[in-house]
Amino acid sequence: MTKPMIGIAPGTMVVDSQMFPGRKRDYVNREFLQSITDNGGIPLVLPVTLDEAAIARYVQLIDGLLLCGGHDVAPFTYGEEAQPKLGGIDPERDAYEIALIKATHAAHKPVLGICRGVQILNACYGGTIYQDVSYMPAGQGTLKHMQGQLAAYGMHNVTVTPGSTLAGYLGQMHLAVNSFHHQTLHKVAPGFKPVAMASDQVIEAIESTTDGLQLGVQWHPEMMQQSDSVEAQLFGGFVAACAQ
Ligand code: MN
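What follows is the structure in structure tokens.
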């Protein structure tokens, strides 16, 4: 079988130095690349661009799209003003990823979003984001969602919706996941449904209810999958869907 090519939208950073102040870098943490290679796919990094023709060519080259973690999504993207606890943003990356998501989906190719990836996926289709977990209503978002270390360790539990695509991949309804997010989903985009919840009402995964696989998880399976076969199955299922 030909291995599917999985496009990866890279993270961005500014690497300041005396010689090159404000220098921008597109990067991918190797766990994302390994999660694809370990589970049957070939990763292809797709550098940030706002050139529509380049994005169209990217989509021709890939069989599916993986969105990585990183910056907060800029609040204007989902129609809100910035609140004090908003973290760093990169509006250029937001615009690129939204165009890439839409072009990939229009070509009937699957999309998997991880951490920031689930947030940009939600914002792309009209959903909103709590700019900090502390902005959730009283009594919600009370678990530790920024664990700070031990990335392969599941810090809080999630309950997965039976019958969802995510449940099919993971093969179980209850699991402990790692947690490295200070923002979290608020209103779920039209055409999507929550498919994993933490006990404090934080939405930990969403997937499309319409045609075509578009799935996002708030945790970081790529940092668990080498020691956790359940998380590896998430990538295995996604890569297999991209191969179809
Ligand atoms: Mn969490």
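All you need for the numbering used here is the position in the sequence shown, starting with 1, plus 1310.
The C-beta atom is built at its ideal place from N, Cα and C for all residues, glycine as well.
Check: Euclidean distance between Cα positions of residue 1428 and residue 1414; Outcome: 15 Å
Check: Any heavy atom of the ligand MN nearer than 5 Å to the CB - residues listed; Outcome: 1455 and 1489
Check: The region 1341-1353 in contact with the region 1312-1321 per 3-pair CB rule at 8 Å; Outcome: yes
Check: Cβ-based neighbour list, residue 1451, same chain, cut-off 6 Å, excluding 5 preceding and 5 following; Outcome: 1443, 1510 and 1512
Check: Option nearest residue 1383 by Cα separation, candidates 1375, 1432, 1355 and 1369; Outcome: 1432
Check: Cutoff 6 Å; reference residue 1408; Cβ partners in own chain excluding five residues on either side; Outcome: 1434
Check: Closest by C-alpha distance to residue 1430, when choosing among 1319, 1360, 1453 and 1323; Outcome: 1319
Check: Best match in 1437, 1376 and 1398 for proximity to residue 1419 [C-alpha to C-alpha]; Outcome: 1376
Check: Endpoints, the alpha helix (DSSP H) within which residue 1486 is located; Outcome: Looking at the DSSP string, residue 1486 is not in any alpha helix (DSSP H); the run it does join, the beta strand (DSSP E), is 1484-1487.
Check: Proximity to residue 1503 [Cα-Cα], best of 1458, 1551, 1524 and 1339; Outcome: 1524
Check: 8 Å contact criterion, which residue 1545 and residue 1535 should meet: CB distance rounded; Outcome: 6 Å
Check: Beta-carbon separation (whole angstroms), residue 1465 vs residue 1489, contact threshold 8 Å; Outcome: 5 Å
Check: Sequence-distant residues of its chain with Cβ nearer than 6 Å to residue 1343 (five each side left out); Outcome: 1353
Check: Limits of the unbroken alpha helix (DSSP H) element including residue 1545; Outcome: 1539-1553
Check: Limits of the alpha helix (DSSP H) - the one that residue 1371 falls within; Outcome: 1362-1371
Check: Spatially closest choice to residue 1392 from 1480, 1439, 1324 and 1333, by CA coordinates; Outcome: 1439
Check: Counted within 10 angstroms of its Cβ, other Cβ atoms place residue 1337 as buried (16 or more) or exposed; Outcome: exposed
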